[in-house]
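Heads up: the structure comes next, in structure tokens.
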Amino acid sequence: MRTQVVIIGGGPSGLLLGQLLHKSGIDAVVLERRTREYVLTRIRAGVLERGLVDLLEQAGAADRLHNESYTHDGTVFAVNNEHFGIPFSKYIDKPVTVYGQTELTRDLYDKRESVNAQTLFNVEDVVLNNVKSNAPSVECRVAEKTIRIDCDFIAGCDGSYGVSRHNIPAEVRNEFEKIYPFGWLGVLAETKPVHEELVYANSDRGFALCSMRNQNLSRYYVQCDANDNIDNWTDTQFWDELKRRIPDQFADTLDTGPSIEKSIAKLRSFVCEPMQWGRLFLCGDAAHIVPPTGAKGLNTAASDVHYLYNALHQWYSENDHTALDKYSETALKRVWKVQRFSWWMTSTLHRFPQYSEFDLRVQRAELEFLQQSEAAQASLALNYVGLPY
Ligand code: APR
Ligand code: PHB
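Using the numbering used here, you'd call the opening residue of the sequence shown number 793 and step up by one each time.
Listed below in structure tokens is the structure:
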């Protein structure tokens, strides 16, 4: 079997890259370890930067998004019972779009199937060969058969537990990691969102976030112990704790209901350098992870895809490998700025068990400065709506 680009991973990164390549007449095969149905069970953040929406439009997969999504011009920060708004539109005319990642992934799968682009599911034992040569290949097992796919390039879009990253030799690979001493307990409920914008809350009891998917589907989070278990939390205990962490104005009007999804996510920051090795290029979670506080996981996967797609398009259309040679350097410049922002949001909004009284006062001063300073709010707005590609 032969193709131009083998894409390992059928999550948002791989699907978006595959669709952009298809639109440019570049053939790509997506190898996905799971089934489409399994991939679509994953619940992830739902705040899209303008750059991602533009890429989805370019990929021809934005129709439902435009019909069902919401645009937000700002967000709310709360400190115990006080809250203040940060009007993004006052500082930059670039609203964010609220649309579930699951729906975005569904749209990309539907689009891929509509153009009969090839996706292999239930793929096992993926092995990358000759990535440092001009003739790499990928071997894998599908339906009990071993197949080899010869290609020009391999895109490692297989997430943080994939195989791609490990094909960069250990002596070359530099991994940076920061583990946070807490997790997020998330609940999805068919209830009316408590506010028309997201509410990020720093309370003495810990962080909370009020988000949404649509007017009848809300998404809430409370900070919990890193090793907590959802069996420790009934729905009532969750709603009661959430109400204790958000201002009374929101707690008093909170629409509670049975959780239709409840899960705990651990928080960490991670970056792998470099993001390329020979003809292998890493995109998205395969190369980096952010704590979800800044809603940057999917959006940073999108900027990687933007850089890699344009570099591959330049190679195939102009036989020019300049952008490909600089992919890792280019992508990492933005990756690290997003890592900083995600770390800052997490450090400013969460209750760290090891924080001293001094640390707590510094954290409060940070939030007070954000409330009072237009410069601080402008900086947050520029980062939150999405740094330029
Ligand atoms: N072979 C084939 N597919 C694999 C392999 C493998 N060896 N290992 C992992 N995969 C698949 C996973 O099943 C998953 O569907 O790769 C896909 C990777 O998708 P994601 O983990 O969603 O990563 P990415 O596409 O980069 O999207 C990043 O998704 O997980 C969220 O928070 C993350 O919002 C971010 C976004
Ligand atoms: C979500 O809606 O799941 C969400 C929104 C914003 C975040 C994190 C998660 O910062």
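For glycine and all other residues, C-beta sits at the position ideal for the given N, C-alpha and C.
Cα-Cα separation, residue i to residue j
i: SER1165; j: GLY1086; result: 20 Å
i: GLY802; j: ASN873; result: 43 Å
i: THR1138; j: ALA1168; result: 16 Å
i: ARG997; j: ILE1038; result: 10 Å
i: VAL823; j: ASP1017; result: For the sequence presented, residue 823 should be read as Leu rather than Val. If you take the alpha carbons of LEU823 and ASP1017, they lie about 35 Å apart.
i: GLN1029; j: LEU896; result: 31 Å
i: VAL1130; j: ASN1175; result: 8 Å
i: THR833; j: ARG826; result: 11 Å
i: ASP1047; j: SER1010; result: 9 Å
i: GLN1068; j: LYS903; result: 28 Å
i: THR1122; j: ASP1040; result: 45 Å
i: VAL1127; j: ASP1032; result: 37 Å
i: ALA962; j: ILE1081; result: 19 Å
i: TYR1147; j: SER1055; result: 26 Å
i: HIS776; j: GLN1015; result: The question about residue 776 has no answer here: the residues shown for the chain are numbered 793 through 1181.
i: GLY1186; j: GLU988; result: Because the chain spans 793 through 1181 in this model, residue 1186 falls outside it and cannot be assessed.
i: GLY911; j: LEU807; result: As written in the sequence, residue 911 is Thr, which differs from the Gly given in the question. The straight-line gap from Cα to Cα measures roughly 9 Å.
i: ASP944; j: ILE878; result: 46 Å
i: GLU969; j: ASP1020; result: 21 Å
i: ALA1187; j: LEU840; result: Limits of the chain in this structure are 793 at one end and 1181 at the other, which puts residue 1187 out of reach.
i: PHE999; j: PHE1161; result: 19 Å
i: GLU967; j: VAL1154; result: 30 Å
i: ASN914; j: ILE800; result: 12 Å
i: HIS1105; j: GLU849; result: 17 Å
i: THR795; j: TYR1181; result: 28 Å
i: ASP917; j: SER929; result: 14 Å
i: HIS1113; j: ASN994; result: 47 Å
i: PHE869; j: SER1061; result: 22 Å
i: LEU847; j: ARG828; result: 21 Å
i: LYS889; j: ALA837; result: Residue 889 is actually Thr in this sequence, not Lys. Each residue's alpha carbon lies about 11 Å from the other.
i: SER906; j: ASP1044; result: 47 Å
i: ARG933; j: ALA1093; result: 27 Å
i: LYS882; j: HIS864; result: 12 Å
i: LEU900; j: ASP1151; result: 44 Å
i: ILE941; j: SER805; result: 20 Å
i: THR1026; j: ASP1077; result: 31 Å
Assigned secondary structure, residue i (DSSP; H/G/I helix, E/B strand, else coil)
i: ASP976; result: Here residue 976 is Trp; the residue named in the question, Asp, does not match the sequence. In the structure shown, TRP976 sits in a strand (DSSP, three-state: E or B).
i: LEU832; result: coil
i: ALA820; result: strand
i: LEU1124; result: helix
i: VAL1177; result: helix
i: LEU1059; result: strand
i: ALA947; result: strand
i: GLU1065; result: strand
i: ILE1022; result: helix
i: LEU1046; result: coil
i: LYS1118; result: coil
i: GLN1015; result: strand
i: PHE1144; result: coil
i: HIS1113; result: coil
i: THR827; result: coil
i: VAL1154; result: helix
For residue i: DSSP bridge partner residues
i: LYS937; result: VAL934
i: VAL991; result: VAL868, CYS1002
i: GLN1169; result: Per DSSP, none; premise fails for GLN1169.
i: ALA981; result: SER1010, SER1051
i: LEU920; result: VAL930
i: ASP942; result: ARG794, SER929
i: ILE799; result: VAL822, ALA947
i: PHE1133; result: In the DSSP output, where bridge partners are listed per residue, PHE1133 has none listed.
i: ASN966; result: GLU1065
i: LEU1072; result: ILE946, TRP1069
i: HIS1105; result: DSSP lists no partner for HIS1105.
i: HIS1080; result: VAL1063
i: ILE971; result: ARG1060
Any non-hydrogen atom of ligand 4 within 7 Å of residue i CB
i: ILE800; result: By its list of ligands, the structure shown excludes ligand 4, since it contains just ligand 1 and ligand 2.
Ordered list of beta strand (DSSP E) runs contained in the stretch 838-915, each at least 3 residues: Counting only runs of at least 3 residues, the stretch 838-915 fully encloses the following beta strand (DSSP E) elements, listed from N- to C-terminal order: 862-864, 866-871, 874-879, 888-890.
Any heavy atom of ligand 2 within less than 5 Å of residue CB: hits in chain order: With 5 Å as the limit between CB and the heavy atoms of ligand 2, the residues that fall short of it are ALA837, GLY838, VAL839, SER1003, ARG1011, PRO1084, ALA1087.
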